[in-house]
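> Per our numbering, the very first residue in the sequence shown carries number 29; after that it's consecutive. Cβ coordinates follow ideal geometry from the N, Cα and C atoms, glycine included. First, the structure itself, so that you have it in front of you.
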Amino acid sequence: GASVGNENAGIHINNCPSATISNNTIERTNYTATAPAPLAANQFNLQFGISVGNSCTGAVVSNNLLKLLGTGIYAFGNTPITLKCNNMVNNSTGLWINSLIGNQGTVSAPQDNTWTIPSGYMGVRRNGQSQPQFYTRSFSLPYMPSTSSSQMIPPAAIQPTSAANSAPNTCYISAGNPPAGLVQVINEEGEYSYLSDEELKSLDVDLYKTLKIIPDYIDESTFEGQKMQEFIDSVDLTNAAKIYEYEQKLAQKDTIGAKELMALFDAYSDVEYNYKRVYEIYNRSWLEKEIEFTAEDSLVLNEIAYLSPRVAGNAVYTARVLLGLMIIDTETYAAKSAQSNSGIEYSTIKIYPNPSSEFFHYELPLKEGENGIVSIMDISGKVLQTWAVDFNGNLGSFYVQNYSKGVYVFELTINNDQKIVQKLIVK
């Protein structure tokens, strides 16, 4: 924690150009309800999760969870900063802009911060002359507070100019196994050192997606960056690029182009073959509005659905969604050595109402001390929303009124290990 005059902050920076504040959870733990009260009136605006002060040009605040605070993020220095992929949950004020922070994102690279706003409280408060443009996936919750209500004060605080619905999801990395973890393979340390060649192959698509989304994220001036680049140069990402392009066409509803791509796809490994088989079945069933599978297709999907996704690739998850299966993967990479997690059991996720057209409520099985990441994905694997959860956040809701009708995936990753997958239907 830090003191900022009469104010208190979980993290405070001042005179820190190009600083980075990322991947933190800052939560008021002496109160676990879903609203800021009972903070005293003078605490609403003085208890900050993250505070960014003067002379912090180029600072990046990203992938942070701010929960049950007076103000989630407080920006009061007159220098441009970047606010990206932060999740502001049940704060008195989610984001307080008291400075000229500059525009946030572009049409091709939206910032995708998210808000959960209790009734009667604010998503964004603006003082002074700051009127940044927020390029975001949607101009409604959870991506933006409403400009026509008290969720944003004053309403002109944000100047939305263009929704970035078709842009790459720049928050994708926080929702999955980060390819940067492959550095551990090269250094022969950590759980990744137990991966076989085939398991490494299963990570190719995620690696390719990361390179497409953030092409400059590797710092070759560091030892880890050099090793990472050497590894990437040694991997053939040709088919990973084709899978990525296929999924992009699905996301853009270019079904003809998607089918043409998959028809020309040549698989050279079991992982790629699983993608090809699952997507071919998807093309001739759900894309054609046919929800019943032939006996042969059902057999293929069941075969793939019960494989380990770490060996067989993420096509395993798609097969499970198509079949409506909920399977808990309890093994870890390191389990191949001497340890086993076979005794671990987790109850199921409860999601209701399902189907829904506006919002879903969820009940998660996290135990005390456990942390998780929730991801909402479309059938192509594109991550649409992601946020961090813990034991105190087992109950929650999220909005889908801007989603197209169809089937989506609710995925909970527990302690970066176990995954629980549930099917959502937006009607």
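#1: Are Thr-414 and Val-402 close, meaning C-beta to C-beta below 8 Å?
#2: Tell me, please, whether the segment 335–347 touches the segment 298–305 by the rule of three or more beta-carbon pairs shorter than 8 Å.
#3: Any beta carbon of chain C sitting closer than 8 Å to that of Pro-182?
#4: Can you tell me the Cα-Cα spacing of Thr-175 and Tyr-163, whole angstroms?
#5: How many Å lie between Phe-388 and Asn-302 at the Cα?
#6: So does the segment 319–329 actually touch the segment 283–296, counting three or more Cβ pairs closer than 8 Å?
#7: Gln-8 bridges to which residues according to DSSP?
#8: In angstroms, rounded to a whole number, what distance separates the CA positions of Tyr-374 and Asp-325?
#9: Val-437 to Asn-119, Cα distance in whole Å?
#10: DSSP three-state label for Met-290, please.
#11: Checking the sheet assignment: what are the DSSP bridge partners for Leu-440?
#12: Nearest to Leu-327 by CA position, among Ile-54, Trp-314, Gly-38, Ile-309, is which residue?
#13: Would DSSP call Leu-327 helix, strand or coil?
#14: With respect to the alpha helix (DSSP H) encompassing Tyr-431, which residues constitute its N-terminal and C-terminal limits?
#15: For Asn-131 and Asn-36, what's the separation of their Cα atoms in angstroms?
#16: With DSSP collapsed to three states, give me the class of Tyr-272.
#17: Across which residues does DSSP place Lys-112 in a beta bridge pair?
#18: Would you mind reading off the limits of the beta strand (DSSP E) that contains Glu-55?
#19: CB-CB under 8 Å to Asn-43, same chain, minus the five flanking residues each way: which ones, in chain order?
#20: Just the Cα atoms here: how many angstroms apart are Lys-395 and Phe-293?
#21: Would Ser-127 and Gly-105 qualify as a contact pair, given that the criterion is a beta-carbon distance under 8 Å?
#22: What does the alpha-carbon distance come out to for the pair Met-116 and Gly-122?
#23: Between Arg-153 and Leu-97, is the Cβ-Cβ spacing less than 8 Å?
#24: Go to Leu-350, then tell me how far its alpha helix (DSSP H) extends in each direction, as first and last residue.
#25: Locate the beta strand (DSSP E) running through Ile-145, then write down its first and last residues.
#26: Tyr-380 by DSSP, collapsed to three states: which one?
#27: Helix or strand or just coil, what does DSSP make of Cys-44?
#28: Of all the options Gln-159, Ser-158, Gln-161, Thr-144, which has the alpha carbon lying nearest to the alpha carbon of Pro-173?
#29: Compute the Euclidean distance between the alpha carbons of Asn-155 and Asn-51, then round it to the nearest angstrom.
#30: Met-150: which of Ile-181, Gln-159, Leu-169, Ile-129 sits nearest, CA to CA?
#31: Which of helix, strand or coil does DSSP assign to Ala-103?
#32: How would you write the range of the beta strand (DSSP E) that Asp-264 sits in, first residue to last?
#33: What does a CB cutoff of less than 6 Å around Gln-75 pick up in its chain, not counting 5 residues either side in sequence?
On the basis of the data shown:
#1: yes
#2: yes
#3: The structure shown contains no chain C; it is built from a single protein chain.
#4: 14 Å
#5: 31 Å
#6: no
#7: What is shown of the chain runs 29 to 455, which leaves residue 8 out entirely.
#8: Here Tyr-374 scores only 37 on pLDDT, less than 50, and its place in the model should not be relied on; the value that follows carries that caveat. Rounded to whole angstroms, Tyr-374 to Asp-325 spans 30 Å at the Cα level.
#9: 27 Å
#10: helix
#11: Val-402, Ile-448
#12: Ile-309
#13: helix
#14: It is not in any alpha helix (DSSP H) - Tyr-431 carries neither H nor E in the DSSP assignment.
#15: 27 Å
#16: helix
#17: Ser-90
#18: 53–55
#19: Gly-81, Asn-82, Ser-83, Cys-84
#20: 43 Å
#21: yes
#22: 5 Å
#23: no
#24: 343–351
#25: Ile-145 -> no beta strand (DSSP E), and no H or E assigned at all.
#26: strand
#27: coil
#28: Thr-144
#29: 27 Å
#30: Ile-181
#31: strand
#32: Note, Asp-264: premise wrong, no beta strand (DSSP E); not H, not E.
#33: Asn-36, Leu-97, Gly-98
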